[in-house]
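Below: one structure, written as structure tokens.
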Amino acid sequence: MTTPNPDEHSRMPYIVGMLVLTLIFLSPAIWVWTLQLEDVQNPSGSDWMANHDANVRFAQLTGWIAGVPAAGAIVGSIVAAACRRHPGAGAATGAFLAAVGLLAFGLYDFAVHFTLEP
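Sequential numbering of the sequence shown, starting at 1295, is according to the working numbering.
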């Protein structure tokens, strides 16, 4: 029988904190996702091209919002395991850093493409 590692339980608040921060940093992306979902759920009766474009944008947005933090978690756990650290803490850190990167890219993209039309 192995004795439990006392440091094992001390990582739990860090992991939970990082996951909460990840959700906080993903909340603007989730808000944009819900706006796009409204466009998909209320299609135009006559403009099939706009409906198709809305569906494509929704699928791309869903992939970015779900895929980037998941990829960050996978990379973080692999790097942590390679450095002989706790993979759970590495996964939480990777997901958080990916969420921060996604938010930064979203802010950059908004700043570049935002215009006030008369």
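All residues carry an ideal CB built from backbone N, CA and C; glycine is no exception.
Residue burial annotation: Met-1306 is exposed, with fewer than 16 other C-beta atoms found within 10 angstroms of its C-beta. The segment 1373-1390 and the segment 1336-1356 do not touch, with fewer than three beta-carbon pairs separated by less than 8 angstroms.
Secondary structure note for Arg-1351: its alpha helix (DSSP H) is the uninterrupted segment 1342-1376.
Rounded to the nearest whole angstrom, the CA to CA distance from Ala-1367 to Ala-1348 is 29 angstroms.
The beta carbon of Asp-1341 is closer than 6 angstroms to none in its chain, skipping five residues each way along the sequence.
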